[in-house]
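Engineer: Residue numbers (my numbering): 1190 to 1341.
Note that the Cβ used here is the ideal one computed from N, Cα and C, for glycine as well.
Computed from a prediction, not measured in an experiment: that's the story for all the values here.
Have a look at the structure that comes next, please.
Now the structure itself:
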């Protein structure tokens, strides 16, 4: 009975996390720029995606920085690239002290100034499995940034 209860709790937790997804499908009519972030390695301790946020690039960048801060990033650094902005952040995993890196490129949309492309990658520096931590982190960052952008 104890095993059944444990499995039930774990399944419920998985369903709740799965329903809380901020990774949205991108409108197929948009011309999506190439994701300029390095691809994830073969190991399952990395997550990379391209998303759109409905705001100007400067607004999106500020919302992402606030989101990183509110999600307890240890260090946040901005870099101005020739055609886009880059935000680097470091997260420290509680208890173990492992470090994870988040890199974000904010890319303007030439066909619509009100939609900004966000290329985001979260990866573990150590280990092989991350148990979905990086994907959940990206979800939280995007969810908080969307809320920040939509504040009245």
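I'd like to know whether the C-beta atoms of residue 1265 and residue 1258 end up nearer to each other than 8 Å.
Structural biologist: Yes, they are a contact pair.
Engineer: Please state the DSSP three-state secondary structure of residue 1277.
Structural biologist: Of the three classes helix, strand and coil, the one that applies to residue 1277 here is strand, per DSSP.
Engineer: May I ask you to report which of helix, strand or coil DSSP gives residue 1288?
Structural biologist: Strand, per DSSP.
Engineer: At what residues does the alpha helix (DSSP H) containing residue 1259 begin and finish?
Structural biologist: Counting along the chain, the alpha helix (DSSP H) containing residue 1259 begins and ends at 1246-1259.
Engineer: From what residue to what residue does the beta strand (DSSP E) around residue 1268 run?
Structural biologist: First-last of the beta strand (DSSP E) with residue 1268: 1264-1269.
Engineer: Can you grab the Cα-Cα spacing for the pair residue 1284 / residue 1231, in whole Å?
Structural biologist: In a straight line, the C-alpha of residue 1284 is about 26 Å away from that of residue 1231.
Engineer: According to DSSP, is residue 1226 part of a helix, a strand, or is it coil?
Structural biologist: Note: residue 1226 maps to coil in three-state DSSP.
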